[in-house]
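As C-alpha cells, the structure follows; a few thoughts come after it.
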Amino acid sequence: MTEHGTSTTDPRVVKAEIAKEQAHVDRVRAQLEIDENKARMLATAGQDMYRSDRTSWVREEDGTAMFERDAFSYNAAKRLAILDAEHEGLVFGRLDLADDDEVRHIGRIGVRDADYEPLVIDWRARAAEPFYRATPSDPMGVIRRRVLRCRDDKVLGIEDDLLDSTSQADLPIVGEGALMAALSRARDTQMHSIVSTIQAEQDEAIRAPYQGVTTIMGGPGTGKTVVALHRAAFLLYSHRARLENGGVLVIGPSSVFMSYIERVLPSLGEDSVTLRSVGQVPSDILRFSSDRLDEPRTANIKGSLDMVDVLTRLVNLPMSAEPDSMRLRVTVKGEVLTLGSHALAATRHHILKRNRYNDGREAVEASLKDQLWNILPEDVSSAHDLSKEQFDDLVSSQASWRMFLNAWWPTLSATDVLARMADPAVVKAVAPDWDDEICQLVVNSIPTEVDRRGRRDWSVADMALLDELAALLGPVPPEPDAEDPVFIEGGDAEELVTLSDRLHDARQIDEDEPRDTYAHVLVDEAQDISPMQWRMIGRRGPQASWTIVGDPAQSAFPHPEQTRSALDELVGNAPSRTFTLTKNYRSPAEVFDLAAEVVVTIQPDADLPQAVRSVGVQPTVVRTDALWAEVRSQLDDMLQEVDGTIGLVCPASLVDQAGDLATDPRIIPVTTMQAKGLEYDGAVVVDPERIVSETGNPTSGVRVLYVALTRPTQRLAVVGLKQLESPRNLQADQPVAADAGRAWSEALWSHETC
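In terms of UniProt numbering, the sequence shown opens at residue 1 and continues consecutively.
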C-alpha cells in the first residue's frame, strides 16, 4: 500500500470492498422497508379519512377539507408508488470527499435514517452533483468516485475513479480506475506530466458543449469509452430536463460489450438511458434483436450504401412471380371489368412515388376503383341508376376483389420483404450489378422459413436492412379487432384505493413503451458501424446531439468513403468538434509496440497513441504444429501470471473449439469481433493468419488483428501454426493484398520467441 492508498484488482481487496458496500445497502434496504410501511399506513389512512363506518360514500365536507383529503391521499400514495418502484439500483454510487472524510452514497431516491441523517442522496440533489461533474482536472472536493453494480439487493461489483491523487487518504482504487490511479501515484516527474496530459484531454472531451456532434478519437487503451460514458453522465446532470424527457441512447458493437458498459457506466438515474448493441437498435420496431454475425464479406455487402437502392427496388418489386400475367377482374351488374398488367404497373408506380408501401393501401384501392369506374359503360350505370359510392361498395364486396388485393398489395412487414432475397431470381432483379458470387453470398445468408419462425436468426447486418425496409414500408396496420382498454370511474372515494396502483402502472407503461427517438446518442466503437447501420442509428436521433467514439485504425469495414458519406448525412450542418486522446495508459508498451508494428504495415500514417506503461515482460510469440496444445500451455502459464481475466481471442471459426479450453472461469473465449472494446488482464491470440484471412480483405483483416493484439493490460501471447509460410486466402490477382499480407506477417513473426 502506498501513502495514498492501493490501486488494485486483487480479489481479496475487491471482496472486502464489496462487503463494505453490501453492509450499507442492507442498512438502506432495512430503512426502506420501514418507510414503505409508514407510507402504506398513511395511504390507508387517507382512504379512510372522512369515510363513513357503514358505507363507502364520502361524508359531506367543505371544499378545504376535500382538498386536504385529496392532497394527503395523493402524496401518501405517490410516495408509496415511488418506494415500490425504486428497489432496483437503489444505491449506485459513492463519493469519498476530502472534507472531514465525508462519504455520500448516491441513488435513485433519497433515504434517511431514524435520526434524519442521509443514507442515500437523490441523484438529482445538489449534493450529488460531483458524482456526475467531477473530473481529475476539477475533482470538486472528491477523492474517490465509486460506481456500485447491483442486482436487486446484492452488490455484484464496484468500479472506482481516483479524482484527487494528491490526497493522503488511504483508499483502495478498484477496477477500471486502478491503472490510472497507479500512474497518478507514480513518483517520477515525467509520469506526472503524462497523467496531467491524459486528464486534460479527458476533461476537455467530457465537458465539451452539448450541442451538435462531439467525436472522441483514440487508439486502444486511451480510455475513450470511459471518457464517453462520463460525458454522458455529465450531460445528463447538466441538461437534465432535456435529456430526462428525450432520453439517452448508448450503442456498442455487441451484447458482450454492452455488459461491460453496464458495469462501468456511472449510473444516470431514473430510466433515462437505453443501452443497446448494434443488433438491438431496431428492436423498438422489430420486437426482436440479433447477435449473430455474418461472415465478413457478406456483412460488408449488406453494410454498403448500395443496399439503399437494392432495398428500394425490393419494396417496389411486385409480390407475384409473374407480374406481367397479373390482372384485376370484377363483375358489376353483369358487366365484366378488367385492368391489365400495364395499368396495374402504372398504378403501383404512381402510388409508391407518393406513399410508403403500407401507407398506400387505401390510395391503391381508391385508384383501382376509379379506374374501374372509368371503364364501366355509361349505359350500365344509367340503367341501374348507379352512383360512384354504390359502385365502390359493389366492387369492395366481391371476393375476387379482396383476393386480388391480398395477393397484389398485401400488408408487408420488413421480415416478409427481406426474406424474398433468399430467392436468386429476386436478388438478380433488385441487384443487377452484383456478380454471381455476391448474389450467392447474400442468398445463402438469408434465414430459411423454418429459421424465421423463431424470428431470431437474422444477423446483426440484417437488422439495419430490416430497419431500412421498415422505414420504406411504413408501419404494419394494427389488427382490426384490437381495442384500447376502457376505464370506468365512479364518483365516490373508491378511486383513492387504486391511486398508488395507477401511479405505479403509469410508470410501468412508460418504461415498457419503445422509445423511437432520443435527445442524445452515444455510439462507441464507431469505426465498425457500417454505412447502413449509421442510417439505422440516425433514425433514433433526428434532432439529437451526438457523442461518437472510435479509432479508424481498428476499422474492419473496407470502404471508409461510404462511412464518411453516411456520417456526413447524419451530422448535416450541426456544429461539430473532435478530441483526440493521445496517451495509451492501459496497454503495456511491450504489447502496444508489437501491435503498432503490425498495423502500420497497412496504414503507415495511422495516428497511434503513445503507450506510457511498462510491465517489463515482452509478449510471447510462438508458432507450432500443435496449435491447441500450445494454447493450453500458454493459458496455464498466464493463469499463474495474472490475477484477473484472460481473453482467449480466436477467429470465429475456432471459437467453439476454444471453449473446450475454458476450464477456469477467468478464461473467456471470444471472437475478434466480440473482443472489440473489451480488455483483459491477459490475452492469448490464436491463429493470427486465420484472423486476417477470415475477413476476406487483408487490410481489414490486419486491423482486426490489431484489435486482438491490444486487448491485454498485462500479458500477451500469440500462437500460430508453423507450417503456414504464406498468408491464407490471398488471391493471385491481388498483388497489393499479398504484399500487405507478407508485411504484417513478417512484422509479427519477427518477434517470435526462441
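Note that beta-carbon positions come from the ideal geometry of N, C-alpha and C, so glycine has one too.
Fair warning: this is a prediction, and the values are worked out from it, not measured in the lab.
> When the distance is taken between beta carbons, is leucine 352 closer than 7 Å to alanine 414?
Replying inline: no
> If you drop the 5 nearest sequence neighbours on each side, which residues of the same chain put their C-beta closer than 8 Å to that of aspartate 643?
Replying inline: Short of 8 Å from the beta carbon of aspartate 643, and not among the five residues preceding or following it, lie these beta carbons of its own chain, in chain order: Thr9, Asp10, Pro11, Asp681.
>> Considering Cα atoms alone, identify which of Leu148, Val142, Glu102 is closest to valine 14.
In response: When only C-alpha atoms are compared, the closest one is Leu148.
> Grouping DSSP H, G and I as helix and E and B as strand, with all else coil, what is glutamine 31?
Replying inline: Three-state DSSP puts glutamine 31 in a helix.
> Once you ignore the five residues that flank threonine 753 on each side, which residues in its own chain have a CB closer than 6 Å to its CB?
Replying inline: Here threonine 753 has Thr620, Val621, Val622 as same chain residues with Cβ atoms under 6 Å from its own Cβ, once five neighbours each way along the sequence are excluded.
> Taking three-plus beta-carbon pairs below 8 Å as touching, is the region 417 to 432 in contact with the region 392 to 403?
Replying inline: no
> Would the region 530 to 549 and the region 559 to 566 be scored as touching if the rule is three or more Cβ pairs under 8 Å?
Replying inline: yes
> From aspartate 309 to aspartate 379, what distance separates their C-alpha atoms?
Replying inline: 47 Å
> Quick one: what's got a C-beta closer than 7 Å to valine 707's C-beta in the same chain, skipping five residues either side?
Replying inline: Correct list, in chain order: Gln554, Thr672, Ala675, Lys676.
>> By the three-class DSSP mapping on this structure, what secondary structure does tryptophan 546 have?
In response: strand
> Can isoleucine 143 and aspartate 96 be called in contact, C-beta distance under 7 Å?
Replying inline: yes
>> What would DSSP say about asparagine 358, mapped onto helix, strand or coil?
In response: helix
> From this set, Ser545, Trp373, Gly550, which residue's C-alpha is nearest glycine 572's C-alpha?
Replying inline: Ser545
> Near glycine 340, what residues of its chain come up, given a Cβ to Cβ distance below 6 Å and the 5 sequence neighbours on each side ignored?
Replying inline: Arg327
> Span of the alpha helix (DSSP H) holding valine 571?
Replying inline: 560 to 571
> Rounded to the nearest angstrom, how far is the Cβ of aspartate 161 from that of glycine 177, given a contact under 8 Å?
Replying inline: 4 Å
> Between the Cα of threonine 225 and the Cα atoms of Leu581, Val364, Arg742, Glu746, which residue gives the shortest distance?
Replying inline: Taking only the C-alpha atoms, the option nearest threonine 225 is Leu581.
> Can you tell me the Cα-Cα spacing of glutamate 525 and histidine 559, whole angstroms?
Replying inline: 16 Å
> The beta strand (DSSP E) with isoleucine 691 in it runs from where to where?
Replying inline: Here isoleucine 691 belongs to no beta strand (DSSP E); instead the alpha helix (DSSP H) covers 688 to 693.
>> Less than 6 Å separating the Cβ of glutamine 618 from some heavy atom of the ligand COA?
In response: Absence of the ligand COA from the depicted structure is noted, as is the absence of any ligand whatsoever, leaving it without description.
> Taking Cβ to Cβ, would you say alanine 519 is nearer than 7 Å to valine 213?
Replying inline: no
> Just curious, the alpha helix (DSSP H) that threonine 298 is in, first and last residue?
Replying inline: 296 to 303
>> alanine 611 and alanine 589 - do their beta-carbons sit closer together than 7 Å?
In response: yes
> So what's glutamine 610 in DSSP terms, helix, strand or just coil?
Replying inline: strand
> So, helix, strand or coil for phenylalanine 234, using DSSP?
Replying inline: helix
>> Please identify the residue among Leu465, Asp138, Pro698, Ala399 whose C-alpha is closest to the C-alpha of threonine 601.
In response: Pro698
> From Arg29, Ala662, Ser290, Gln22, pick the residue whose C-alpha is nearest to that of residue 764; which is it?
Replying inline: Missing from the structure shown is residue 764; the chain here goes from 1 to 754 and no further.
> Among Leu678, Thr578, Ala232, Ala556, which residue has its Cα nearest to the Cα of proline 296?
Replying inline: Ala556
> If you draw a straight line from the alpha carbon of arginine 721 to that of aspartate 551, how long is it in whole angstroms?
Replying inline: In the sequence on display, residue 721 carries leucine and not arginine. Their backbone Cα atoms lie some 30 Å apart in a straight line.
> In terms of DSSP beta bridges, what is phenylalanine 579 paired with?
Replying inline: Ile216
> Does the region 193 to 206 touch the region 229 to 247, meaning 3 or more C-beta pairs lie closer than 8 Å?
Replying inline: yes
> lysine 333 by DSSP, collapsed to three states: which one?
Replying inline: In the displayed model, lysine 333 falls within coil according to three-state DSSP, outside both helix and strand.
> How would you write the range of the alpha helix (DSSP H) that glutamate 159 sits in, first residue to last?
Replying inline: No alpha helix (DSSP H) holds glutamate 159; the beta strand (DSSP E) holding it covers 154 to 162.
>> Closest to alanine 200 by C-alpha separation, out of Thr517, Val248, Trp458, Ala134, would be which residue?
In response: Residue Ala134 is the option with its Cα nearest to alanine 200.
> Alpha carbon to alpha carbon, how far is valine 332 from lysine 369?
Replying inline: 12 Å
> Expressed to the nearest angstrom, what Euclidean distance is found between the alpha-carbon atoms of isoleucine 18 and leucine 156?
Replying inline: 8 Å
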